[in-house]
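Residue numbers (my numbering), protein chains in the order written: chain S, 17 to 186; chain X, 58 to 677.
Idealized CB from N, CA, C, for every residue including glycine.
To start, the structure under review is shown below, and the notes come after it.
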Amino acid sequence: MEEPEKSCRKKSWMIDPGKCTGCRTCEVVCSITHSGELDPGKSRIRIVKWEEKGIDVPVVCQHCDVAVCMENCPTGALSFDDFSGSVLYRKDNCIGCKLCMLSCPCGGISLDKDGGVLKCDLCQGQTYCAQFCSAGAIAYVTHDQASERCRKEAAAALVRGAAVLDQKGS
Amino acid sequence: MKHRILTVDLSSGKHDFQDVPLNLTKRYLGGRGLNAKLLFDGTSRKTDPLGPDNLLVIGAGLLTGTAIPSSSRFTISAKSPLTGGLGDGNSGGFFGPEMRFAGIGHIVIQGKAEKPVYLFMHDDSVEIRECDEIWGTSVREADGMIRKALGTDDVQILLIGPAGEKSSLVASVMNNLSRAAARGGMGAVMGSKNLKAVVVKGSRGTYVRDWGEILSLLKEIQAVLQADPWFHMFSNAGTTGLTENYNRLGVMPIRNFQEAFLEEVGPISSTEFLGRYARKRKSCFHCMIQCSHYYSAGEGDGEEGAEYESIVALGPRCGNFDLKAILQANAICNRLGLDTIGAGDAIGFLMECFQRGLITSRDADGLDLSWGNGETIAKLLRKIAFREGIGDLLADGSARAATQIGPEAERLAMHVKGQAIIASDPRGLKAWGLGYAVSSRGACHLRALPTAEYSATPEMAKRLWGTEEAADRFATAGKGRLVKWCEDVRVLSDALGLCRFITRTTFVFPEQLARLIPLVMPLELTPGELSEAGERINNLERLFNVREGFSRKNDSLPERFLKEPLSKGPSKGSVVDLEPMIDEYYEARSWDLQTGHPTAEKLIDLDLGEEMRSLSLYKT
Chain S
17 MEEPEKSCRK KSWMIDPGKC TGCRTCEVVC SITHSGELDP GKSRIRIVKW
67 EEKGIDVPVV CQHCDVAVCM ENCPTGALSF DDFSGSVLYR KDNCIGCKLC
117 MLSCPCGGIS LDKDGGVLKC DLCQGQTYCA QFCSAGAIAY VTHDQASERC
167 RKEAAAALVR GAAVLDQKGS
Chain X
58 MKHRILTVDL SSGKHDFQDV PLNLTKRYLG GRGLNAKLLF DGTSRKTDPL
108 GPDNLLVIGA GLLTGTAIPS SSRFTISAKS PLTGGLGDGN SGGFFGPEMR
158 FAGIGHIVIQ GKAEKPVYLF MHDDSVEIRE CDEIWGTSVR EADGMIRKAL
208 GTDDVQILLI GPAGEKSSLV ASVMNNLSRA AARGGMGAVM GSKNLKAVVV
258 KGSRGTYVRD WGEILSLLKE IQAVLQADPW FHMFSNAGTT GLTENYNRLG
308 VMPIRNFQEA FLEEVGPISS TEFLGRYARK RKSCFHCMIQ CSHYYSAGEG
358 DGEEGAEYES IVALGPRCGN FDLKAILQAN AICNRLGLDT IGAGDAIGFL
408 MECFQRGLIT SRDADGLDLS WGNGETIAKL LRKIAFREGI GDLLADGSAR
458 AATQIGPEAE RLAMHVKGQA IIASDPRGLK AWGLGYAVSS RGACHLRALP
508 TAEYSATPEM AKRLWGTEEA ADRFATAGKG RLVKWCEDVR VLSDALGLCR
558 FITRTTFVFP EQLARLIPLV MPLELTPGEL SEAGERINNL ERLFNVREGF
608 SRKNDSLPER FLKEPLSKGP SKGSVVDLEP MIDEYYEARS WDLQTGHPTA
658 EKLIDLDLGE EMRSLSLYKT
């Protein structure tokens, strides 16, 4: 088994909206582990749905290498944690300017009804949302695994595309 | 954690919040249980089901919206315009949990709005909003219009389609576009109040004693599910997997229950559904089973389903074996707000009337009523929802349609107490037949859901129900005790708000259920208290129906099941011997054998003395 500091630093989310069933168990486990009660409004990960089109998308902080939220934060409430490889939020320093939420390209930051913002902290490496995702739509995997999976899926799509072209006789 | 009853009077526009008294929670839990109590107290024999005096009660289960998995269920209850007795429909999805997040356990709606309205609740705020422009629209259109008017998608919406507006007695109440509280005509009651929709947004959390316990529980349940073959079927195929299973038993109704077995089930099988139409799995709130699907059969990508019941009701029961046409018909029902079972049953019934020369194409607006015509089925569904032409006759279900066509037709109406039979032929599942006959809401498989009849071991049957025959689906002995036992445990999942598919095999026993409660609310109930609550709820529902004039004579089955043996398949030659099963059931329940009324001793024993004394029948 890898040392936590190494494994965390080299991991990233693999989120597959095609597998997400919209059950929101991720919101349940995120909110109970962070706020001690079940409250989707306290969850750091949220499911966005377009039910009329059959779409469910888990949305969460991606812990970007170049974190725009952090760069925009005027008070240093957001900082990069080298140990876990995550962008961490400290409420003490937050003035509630919301620039982080507004500038995040991933929709990964929400406002907290009790002041400040809500943002994924990777549960000290536990990533409970991924652990309890029954659909296998949320995974927190090593960079190698992430790259390999993306490569394979793209390759499969190419092959499928070729098969369709074959069927059409082109 | 707030657990309140919200009462809204649509006539006066007033509303009121009350905390649920602890003794009511202990006696009736929530969901279907507390709904029954609120309905019993709030209505009388004189209440017209479609009049302003009737109540529409929307109840989240006691555990709905908590961290216990598969806790999405809620129940909508009213005096049923379909049966004249206690009525309810149950649904999953996300509406029930959102009620809980708003701190509301039950919503009691009374009176009638002058103009079409919808109700909007956000925590402590309650508004009645006029919506003339939304009245008359389909479920999908209305859902979109309400979201647009509120400027947010972050709400949960319960609503009726045109069928409910026209008070069709087979009208459903829909939520999350394609999920239905379909049975008992709840959509008609909502429509009779000029209430198009109930919208809720909650921003409160629900109690968790210790989150570590919840994570352990989730892991434990996941392991138990993995070991259960039924879990894999439901998780992979949903209830479409039952098509093969029930056909294999020879109990899948075909052409209005004239047959119950297909030599070749392939074209309507789960394999066909999953391979050709399903796009993605879809789940209710916080569920590990995730039995539903988004599917596409040419009407867009966001249709949810399909369920075994809907497939058979709109398919084989109408002689229709074209899965694409079935799925399209299912989508029509969802959009117009129709119970797929009640509407499909009415169409199958009409087609058999045509087969037997009791009705002509001319009587049916010139439609071709021959078996399996998918175009006719689609047209009839629209006519039912809008009460046009022949649709007006069918809109109140097969039982009422039959009384207008004649005595010959009445024999062909497959119902109990006016409610359509579901898609399992009791000639090959005897306990199911008894369950339909005695169910408080008319023909219903979920009150008892006696799956033990085909899945329990003989040893288990002997231990729990006194005879090994209870686990023999063709036997009559033991079925009364089996159905009583099943009804008393199944009601707990409706009162707690848990899904049947997790309480079906995993969390069946009161001992298991009692363990869950203190994890998510500051309340402890013993297994004994839970069992007693289950029995109490069933007896109160019976008492409700006794008040409405029901007795043993109403606990019946269509003549076809009692006299016409099935002609082929694994249940060939079998009929239902109902009366001995009813005797055994009444005995197990301590109900009077002649009348079917609960005895005074039993009611007092269950602490239902006050309710009992409100009936003149028990005063002598």
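Unbroken beta strand (DSSP E) run spanning residue i, endpoints
| i | result |
| --- | --- |
| E546 (chain X) | It should be pointed out that residue 546 (chain X) corresponds to Val in this sequence rather than to Glu. V546 (chain X) -> not in any beta strand (DSSP E); alpha helix (DSSP H) instead, spanning K536 to L553. |
| W29 (chain S) | K27 to I31 |
| M669 (chain X) | Here M669 (chain X) belongs to no beta strand (DSSP E); instead the alpha helix (DSSP H) covers G666 to R670. |
| T414 (chain X) | Just to set this straight, residue 414 (chain X) is Gly in the shown sequence, not Thr. No beta strand (DSSP E) holds G414 (chain X); DSSP gives it neither H nor E. |
| Q75 (chain X) | H72 to D76 |
| A135 (chain X) | F131 to K136 |
C-beta neighbour in chain X for residue i, strict 7 angstroms
| i | result |
| --- | --- |
| L54 (chain S) | yes |
| I48 (chain S) | yes |
| S95 (chain S) | no |
| K114 (chain S) | no |
| E169 (chain S) | no |
| F99 (chain S) | no |
| V44 (chain S) | yes |
| L181 (chain S) | no |
| S150 (chain S) | yes |
| G57 (chain S) | yes |
| K27 (chain S) | no |
| E68 (chain S) | yes |
Where residue i falls: helix, strand or coil (DSSP)
| i | result |
| --- | --- |
| V565 (chain X) | coil |
| S186 (chain S) | Because the pLDDT at S186 (chain S) is just 48, under 50, the model does not fix this residue reliably, and the value given afterwards should be weighed accordingly. S186 (chain S): coil per DSSP, three-state reduction. |
| G218 (chain X) | coil |
| Q651 (chain X) | coil |
| F330 (chain X) | helix |
| G141 (chain S) | helix |
| E187 (chain X) | strand |
| P310 (chain X) | coil |
| G99 (chain X) | helix |
| A456 (chain X) | helix |
| N251 (chain X) | coil |
Same chain, Cβ closer than 6 angstroms to residue i, five either side skipped, listed in chain order
| i | result |
| --- | --- |
| D73 (chain X) | T64 |
| S195 (chain X) | G218 and R392 |
| A528 (chain X) | A513, P515 and A518 |
| W648 (chain X) | P655 |
| C122 (chain S) | Q78 |
| W287 (chain X) | T562 |
| E364 (chain X) | T296 |
Cβ-based neighbour list, residue i, same chain, cut-off 8 angstroms, excluding 5 preceding and 5 following
| i | result |
| --- | --- |
| P575 (chain X) | R266 and E581 |
| G523 (chain X) | G535 and R538 |
| Y675 (chain X) | A657, L660 and M669 |
| L306 (chain X) | G485, L486, Y511, R530, P627 and S628 |
| C120 (chain S) | C77, V84 and C85 |
Within chain B, the residues that residue i reaches when beta carbons sit closer than 7 angstroms
| i | result |
| --- | --- |
| S340 (chain X) | Note that chain B does not occur in the displayed structure, where the protein chains are S and X. |
Contact set for residue i: own chain, Cβ-Cβ below 7 angstroms, skip 5 residues either direction
| i | result |
| --- | --- |
| G57 (chain S) | K129 |
| C344 (chain X) | P126, S127, S129 and C556 |
| G231 (chain S) | Past the edges of chain S, shown from 17 to 186, lies residue 231 (chain S), and the structure says nothing about it. |
Cβ-heavy atom distance, residue i to the ligand GDP, below 6 angstroms
| i | result |
| --- | --- |
| N147 (chain X) | Looking at this structure, you won't find the ligand GDP or any other ligand, since it has none at all. |
is_contact[residue i, chain S] using C-beta, thresh 7 angstroms
| i | result |
| --- | --- |
| L79 (chain X) | no |
| G208 (chain X) | no |
| N233 (chain X) | yes |
| M345 (chain X) | yes |
| V257 (chain X) | no |
| A124 (chain X) | yes |
| D358 (chain X) | yes |
N- and C-terminal bounds of the alpha helix (DSSP H) containing residue i
| i | result |
| --- | --- |
| H289 (chain X) | P286 to A294 |
| H50 (chain S) | T41 to S51 |
| W489 (chain X) | K487 to V495 |
| K519 (chain X) | P515 to W522 |
| L143 (chain X) | L143 (chain X) -> not in any alpha helix (DSSP H); beta strand (DSSP E) instead, spanning L143 to S148. |
| Y365 (chain X) | Y365 to L371 |
| M202 (chain X) | V196 to L207 |
Does the pairing of the region 367-380 of chain X with the region 304-314 of chain X give three or more beta-carbon distances under 8 angstroms?
-> yes
Counting Cβ pairs, one atom from each stretch, are 3 or more of them under 8 angstroms apart for the region 355-364 of chain X and the region 378-387 of chain X?
-> As far as the Cβ criterion goes, the region 355-364 of chain X touches the region 378-387 of chain X, which means the pair count is three or higher.
Three or more C-beta pairs below 8 angstroms linking the region 578-594 of chain X and the region 81-89 of chain X | yes
Between the region 171-189 of chain X and the region 269-280 of chain X, do three or more beta carbon pairs fall short of 8 angstroms?
-> no
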